[in-house]
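A.B. asks:
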Amino acid sequence: MDANLLIELAIKEDIREGDITSNCIIPEDAIAKAQIIFKQSAILCGIDIAKQVLHKLDAKIKFKKFFEDGAMINEGEIVAIIEGKTKAIICSERILLNFLQHLSAVATTANTYADKVNKYNVKILDTRKTIPGFRELEKYAVLCGGCQNHRFGLFDMVLIKDNHICAAGNVEKAVNSIISNPNFKRLRKAKAMKVELEIETLQQLNEVFAKNLDKEIDIIMLDNFSINDTKKAVPLIRNANKNIKIESSGGINLDNIEEYAKTGIDFISIGAALTLSPKIVDISLEIIT
Numbered sequence: 001m002d003a004n005l006l007i008e009l010a011i012k013e014d015i016r017e018g019d020i021t022s023n024c025i026i027p028e029d030a031i032a033k034a035q036i037i038f039k040q041s042a043i044l045c046g047i048d049i050a051k052q053v054l055h056k057l058d059a060k061i062k063f064k065k066f067f068e069d070g071a072m073i074n075e076g077e078i079v080a081i082i083e084g085k086t087k088a089i090i091c092s093e094r095i096l097l098n099f100l101q102h103l104s105a106v107a108t109t110a111n112t113y114a115d116k117v118n119k120y121n122v123k124i125l126d127t128r129k130t131i132p133g134f135r136e137l138e139k140y141a142v143l144c145g146g147c148q149n150h151r152f153g154l155f156d157m158v159l160i161k162d163n164h165i166c167a168a169g170n171v172e173k174a175v176n177s178i179i180s181n182p183n184f185k186r187l188r189k190a191k192a193m194k195v196e197l198e199i200e201t202l203q204q205l206n207e208v209f210a211k212n213l214d215k216e217i218d219i220i221m222l223d224n225f226s227i228n229d230t231k232k233a234v235p236l237i238r239n240a241n242k243n244i245k246i247e248s249s250g251g252i253n254l255d256n257i258e259e260y261a262k263t264g265i266d267f268i269s270i271g272a273a274l275t276l277s278p279k280i281v282d283i284s285l286e287i288i289t
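For the sequence shown, this note's numbering assigns the number 1 to the initial residue and increments by one for each residue that follows.
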């Protein structure tokens, strides 16, 4: 879903027939100047969304931004100045701040994770654990914070997960069903579509190589592996197939992420902590004249 549609939905949700309070208090021709200010240090994300919100309510509002998305903003810094009809500015306040606060929170959290592993040859990935409708914006915020995007949805990559394996009967049947499927072969050739396989145990991992299932696999995800089991799995995979990338997922947080990064894996995926539950950034819109 694009930002324009989300903005329209947010305006409809919040304003509907009109802002009763502002309609009673503020004259139609009243003009004001306001500022958007960060009350804490954080990574900025969503500044152009804020401008779009304002222009949806009044296309003539002047919006001057001082920073671009991805910038580190210090506590007390003003990121934009707004001038225009007072009523439109007040009506837009909560809507634009909801976008700014959430997206900046995602970007800031992503930056914190990226900083934790910046001295290791490992990349932090997001997941599909996103607020419905907000995936495109949240994945953009992840990039602003210095991490990378995993697949966008179910359509752009093969990821054989535990439920696929269960439905197929075992790992071998699941993998063979993919590589023998004509539609997959077409997509593999046309779009260089990657194949990722989720592994839950070292026994499953040994089965992959014992049965030569690794030929079409680009990435192996070690799901909920302990650090010790990850240390065992990495050399096993590297020695069996040096072309396969290794991703760790599940149970990884800021306290243990460095230990996982040290094992020699290529990727660490972070789900809900990155996009669903980051702590909101304190940002305010204040009328100054």
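Glycine included, each C-beta is placed from N, C-alpha and C at the ideal position.
Just the C-alpha distance for L57 and I89, rounded to the nearest angstrom, thanks.
C.D. replies: Cα to Cα, L57 sits roughly 8 Å from I89.
A.B. asks: Starting from the C-beta of M157, find all residues in its chain whose C-beta is less than 6 Å away, skip the five residues before and the five after it, and write them out in chain order.
C.D. replies: Hits under 6 Å: R151 and K194.
A.B. asks: Please say whether I252 and I246 have beta carbons closer to each other than 8 Å?
C.D. replies: Taking 8 Å as the Cβ cut-off, I246 and I252 do not qualify as a contacting pair.
A.B. asks: For L197, collect the residues of the same chain with a Cβ closer than 6 Å to its Cβ; drop the 5 residues on either side in sequence, then sort them by chain order.
C.D. replies: Only I160, I217 and I220 meet the Cβ criterion.
A.B. asks: Is the segment 36-46 in contact with the segment 163-175, if contact means three or more CB pairs nearer than 8 Å?
C.D. replies: Verdict: no, contact absent.
A.B. asks: Over the uninterrupted alpha helix (DSSP H) stretch that includes A233, give me the two end residues.
C.D. replies: Taken as a continuous stretch (DSSP letters only), the alpha helix (DSSP H) holding A233 covers I227 to A240.
A.B. asks: Less than 8 Å between the beta carbons of I26 and K87, yes or no?
C.D. replies: Result yes, Cβ atoms of I26 and K87 sit closer than 8 Å.
A.B. asks: Between T275 and V122, what straight-line distance do the alpha-carbon atoms span, to the nearest angstrom?
C.D. replies: The straight-line gap from Cα to Cα measures roughly 19 Å.
A.B. asks: I need the DSSP call for I270, collapsed to helix, strand or coil.
C.D. replies: I270: coil per DSSP, three-state reduction.
A.B. asks: Assign Q101 to buried or exposed, taking buried as 16 or more other Cβ atoms, counted over all protein chains shown, within 10 Å of its Cβ.
C.D. replies: Classification of Q101: buried, given that the 10 Å Cβ count is 16 or more.
A.B. asks: Nearest CA to the CA of D69: which residue from G76, S104, C91 and S41?
C.D. replies: Closest by alpha carbon: S104.
A.B. asks: Does the Cβ of P278 have 16 or more other Cβ atoms within 10 Å, making it buried, or fewer, making it exposed?
C.D. replies: Its Cβ being crowded by 16 or more others within 10 Å, P278 is buried.
A.B. asks: Please identify the residue among I15, I244 and V142 whose C-alpha is closest to the C-alpha of T130.
C.D. replies: Measuring from the Cα of T130, the nearest candidate turns out to be V142.
A.B. asks: In angstroms with no decimal places, state the Cα-to-Cα distance between S41 and L137.
C.D. replies: Roughly 21 Å separates the two Cα atoms.
A.B. asks: Please confirm whether K116 and L254 have their CB atoms less than 8 Å apart.
C.D. replies: Taking 8 Å as the Cβ cut-off, K116 and L254 qualify as a contacting pair.
A.B. asks: What do you reckon, are the CB atoms on I227 and E259 nearer than 8 Å?
C.D. replies: Yes. Within cutoff.
A.B. asks: Return helix, strand or coil for V281, following the three-state DSSP convention.
C.D. replies: If DSSP states are grouped into helix, strand and coil, V281 belongs with coil.
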